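First to last, the protein sequences are chains D and L.
FYI, in our numbering the residues of the first sequence are 20 to 266.
FYI, in our numbering the residues of the second sequence are 36 to 295.
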Amino acid sequence: MPLEGLKGRRALVTGAASGIGSSIVERLKREGIAVVATDIHPAKGITLADLTDADDVEKLAGTAGAIDFLVNAAGGPAVVTRKETLPPIPGAIALEDVDEQTWSAVIAANLTTAFLVCREFAPRMKARKFGRIVNFASIAARRGSDRVGVHYAAAKGGIIGLTKTLALELGPHNITVNAIAPGFIKTPRIEQAGWGSASAAFIESLPLQRAGTPDDIAGVVAMLCSEAGGYVSGATIDVNGGWYFGP
Amino acid sequence: MKVAIVTGAAKPDSIGHEVARRLLKEGMQVVVADLYEEGFSALRQCLCIRCDVADSASVGEMVDKAVEQFQRIDVLVNCVGGSWGITRQDLLASPPPGFRGLANCSLEDWRTIVAANLDAVFYSCRAAAPHLKKQGGAIVNVASIAARKGIPPGSEGSSGPYAVAKAGVMGLTRQLALELGPHGVRVNCVAPGVIASGRLKRVLEITGQDHGPEGPLKTIPMGRVGTVDECAALIVALCTDDTAYMTGVTVDINGASYAA
Numbered sequence: 020m021p022l023e024g025l026k027g028r029r030a031l032v033t034g035a036a037s038g039i040g041s042s043i044v045e046r047l048k049r050e051g052i053a054v055v056a057t058d059i060h061p062a063k064g065i066t067l068a069d070l071t072d073a074d075d076v077e078k079l080a081g082t083a084g085a086i087d088f089l090v091n092a093a094g095g096p097a098v099v100t101r102k103e104t105l106p107p108i109p110g111a112i113a114l115e116d117v118d119e120q121t122w123s124a125v126i127a128a129n130l131t132t133a134f135l136v137c138r139e140f141a142p143r144m145k146a147r148k149f150g151r152i153v154n155f156a157s158i159a160a161r162r163g164s165d166r167v168g169v170h171y172a173a174a175k176g177g178i179i180g181l182t183k184t185l186a187l188e189l190g191p192h193n194i195t196v197n198a199i200a201p202g203f204i205k206t207p208r209i210e211q212a213g214w215g216s217a218s219a220a221f222i223e224s225l226p227l228q229r230a231g232t233p234d235d236i237a238g239v240v241a242m243l244c245s246e247a248g249g250y251v252s253g254a255t256i257d258v259n260g261g262w263y264f265g266p
Numbered sequence: 036m037k038v039a040i041v042t043g044a045a046k047p048d049s050i051g052h053e054v055a056r057r058l059l060k061e062g063m064q065v066v067v068a069d070l071y072e073e074g075f076s077a078l079r080q081c082l083c084i085r086c087d088v089a090d091s092a093s094v095g096e097m098v099d100k101a102v103e104q105f106q107r108i109d110v111l112v113n114c115v116g117g118s119w120g121i122t123r124q125d126l127l128a129s130p131p132p133g134f135r136g137l138a139n140c141s142l143e144d145w146r147t148i149v150a151a152n153l154d155a156v157f158y159s160c161r162a163a164a165p166h167l168k169k170q171g172g173a174i175v176n177v178a179s180i181a182a183r184k185g186i187p188p189g190s191e192g193s194s195g196p197y198a199v200a201k202a203g204v205m206g207l208t209r210q211l212a213l214e215l216g217p218h219g220v221r222v223n224c225v226a227p228g229v230i231a232s233g234r235l236k237r238v239l240e241i242t243g244q245d246h247g248p249e250g251p252l253k254t255i256p257m258g259r260v261g262t263v264d265e266c267a268a269l270i271v272a273l274c275t276d277d278t279a280y281m282t283g284v285t286v287d288i289n290g291a292s293y294a295a
């Protein structure tokens, strides 16, 4: 049975050019949703925008029009710039080696983007008395990050606070706000970073004994946008194969 | 064809009833395990088995019958629960008035409520696990917002032992996720806030329309209670491949009442 409540709706997916974001776009389209896909990285079907820039976000709102589902998938552990829009994923950085530029860039890419996009689109959802917002936290914020570092964990932890606060603030307007906290998800960029093969023992240690796929995450996004997510709000959903169970 | 067992699905306005209906629509064979035989006639497409989930022998027989009939179990949804209307004797009783905390709880009440809400989940998971492990599958348990935040003194319709037992369900869910994950069986639970089931209707009859079992309804940020459809849709999603990489998770469904 298809999920109820998706067909004919409109969605905006950020970070849509690659990995998890692009799987979400494909999945939502298969459900009959009209999707506006945006990214800082140019790719087919992508509306270009630097979501750390409020002017770009405002422009995006102009082209996107009315949106029912907002999926904030933009972000990641790498330092993204307008010149280098899809840089390789770095390895772990120890506290004393996190410089201010990396700290600020990763907070901006993961947390400021979600804030600016929510601030732009929430009033439009309020006016229409309907909305579903799905943000992206991470296992890094749930159990701590030993693969990236304090900057990424802090940014993703911020997403959880933003999500809970917006759930309270937007709930009276029939807008749900939730976060997904993915665990180890095998994307092409993660494999390039050498994490794909280096972790056989780790993968074996997971209760489900496999890495996650971008489709595993896209399924949960679809669920949260559907009837099944109608009364779920303020939640952070761990999607990690049993790696960490949440609070 | 996949086979699902749903406990606590016979009462027509229950979450379990809607879960059973939706699993049928997913194309599954559905087995309903319940004490409320009067409800079986509305579930003709299901194999309905009279079962006292608080009695391990009764649960064992129910699972045996299901396997005898359909040869396999793919999904187990444990919906039975509550603070009242949960034994053979008081199946149709109204909620007892007054606050039922822990400090004023009789041993009899403690045992009855823990048996129906926690022992029952243990019995059915333990009985179904060998069959689920054969080809993989999913278990969904129903916890409660009560496990997250307790039952506020002065409220009516729920109970202290219920809050404790539902927290136990969350722990049971995690433990079984570790044990059954390597066999391809996912184990998750939902923690509903106030849902507009028949049970809520009965509570509101004694508390007035503005007080649910977990406190005043006007404090719910979404400004409404949840629907049985929403809760059942979430439970069914946790049975399907949309959630193939989730296990050990408690999904809160409470209109932003409590963010864990």
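Every residue, glycine too, gets a C-beta built ideally from N, C-alpha and C.
All values reported here derive from a predicted model rather than from experimental measurement.
Excluding the 5 residues preceding and the 5 following L/Gly120 in the sequence, name in chain order all residues of the same chain whose CB lies nearer than 7 angstroms to its CB. Leu126, Leu127, Ala128
From this set, L/Ala151, L/Cys140, L/Met281, L/Leu252, which residue's C-alpha is nearest L/Gly172's C-alpha? L/Met281
Taking the alpha helix (DSSP H) that D/Thr132 belongs to, which residues open and close that run? 132-147
State buried or exposed for D/Asp257, treating a residue as buried only when at least 16 other CB atoms are found within 10 Å of its CB. buried
Of all the residues that make up the region 262-279 of chain L, which are near chain D by a beta-carbon distance shorter than 9 angstroms? Thr262, Asp264, Glu265, Cys266, Ala267, Ala268, Leu269, Ile270, Val271, Ala272, Leu273, Thr275, Asp276, Asp277, Thr278, Ala279
Nearest-angstrom Cα separation, counted from D/Ala68 out to D/Phe134: 15 angstroms
So is L/Arg161 in contact with chain D if we call contact Cβ pairs under 9 angstroms? no
Where D/Ile257 sits in the DSSP three-state scheme: The sequence shown places Asp at residue 257 of chain D, not Ile. Strand at D/Asp257.
Answer with buried or exposed for D/Met20, where buried requires no fewer than 16 other C-beta atoms within 10 angstroms of its C-beta. exposed
Considering only their Cβ atoms, is the gap separating D/Thr131 from D/Asp301 smaller than 9 angstroms? Only positions 20 to 266 of chain D appear in this structure, which leaves residue 301 of chain D out of reach.
Under 8 angstroms, with one C-beta from each stretch per pair, do the region 282-292 of chain L and the region 40-47 of chain L reach the 3-pair mark? no
L/Pro241 at chain D interface by Cβ criterion, 9 angstroms: Position check: residue 241 of chain L holds Ile in this sequence, whereas Pro was assumed. Not one chain D Cβ lies under 9 angstroms of L/Ile241.
Considering just the uninterrupted stretch of the alpha helix (DSSP H) at D/Cys244, what are its terminal residues? 233-244
Return the CA-CA distance between D/Ala113 and L/Gly250, expressed in angstroms with no decimal places. 46 angstroms
Mind checking the region 36-68 of chain L against chain D and listing, in chain order, the residues whose C-beta falls within less than 7 angstroms of any C-beta there? Lys60, Glu61
For the 8 angstroms Cβ check, are there 3 or more pairs between the region 142-156 of chain D and the region 238-246 of chain D? yes
Beta carbon of D/Gly38, beta carbon of D/Ile204: below 9 angstroms? yes
Take L/Asn113 as the anchor and find which of L/Gly189, L/Gly133, L/Cys140, L/Leu207 has the nearest alpha-carbon. L/Leu207
Taking buried to mean at least 16 other C-beta atoms within 10 Å of its own C-beta, is D/Arg28 buried or exposed? buried
Tell me where the alpha helix (DSSP H) around L/Gly206 begins and ends. 195-215
What is the rounded straight-line gap between the Cα of D/Trp122 and the Cα of D/His170? 5 angstroms
Can you name the residues of chain D whose CB is closer than 7 angstroms to the CB of L/Ile288? Tyr250, Val251
Cβ of D/Tyr250 within 9 angstroms of Cβ of L/Gly228? yes
Just to make sure I have the definition right: I need the residues of chain L whose C-beta is within less than 8 angstroms of the C-beta of D/Met242. Which are they? Leu269, Ala272, Asp277, Thr278
Could you tell me the alpha carbon to alpha carbon distance between L/Gly192 and D/Thr255, rounded to whole angstroms? 28 angstroms
Which residue comes first and which comes last in the beta strand (DSSP E) that contains D/Pro201? 194-201
Can you tell which of D/Pro226, D/Glu45, D/Ile236 has the C-alpha that lies nearest to the C-alpha of D/Lys63? D/Glu45
Residue closest to L/Ser118, alpha-carbon to alpha-carbon, out of L/Ile108, L/Met97, L/Lys201, L/Lys37: L/Lys201
Give the residues of chain L in contact with D/Met20, contact being defined as C-beta atoms less than 7 angstroms apart. Lys60, Glu61
Cα-Cα separation, D/Cys137 to L/Phe105: 49 angstroms
Given a cut-off of 9 angstroms on the beta-carbon distance, is the pair L/Val175 and L/Cys274 in contact? yes
Along chain D, in chain order, which residues have C-beta atoms closer than 8 angstroms to that of L/Pro165? Correct list: empty, because the minimum Cβ distance to chain D is about 18 angstroms.
Please list the partners that D/Ile256 has in chain L, where partner means a Cβ-to-Cβ separation under 8 angstroms. Met281, Val284, Val286
Can you pull the chain D residues whose beta carbon is under 8 angstroms from the beta carbon of L/Pro248, in chain order? By Cβ distance, chain D contributes nothing, its closest Cβ being about 16 angstroms from L/Pro248, past 8 angstroms.
Could I get the ranges of all uninterrupted alpha helix (DSSP H) runs contained in the region 69-108 of chain D, with 4 residues as the minimum, in chain order? 73-83
Just how far apart, CA to CA, sit L/Tyr197 and L/Ala268? 24 angstroms
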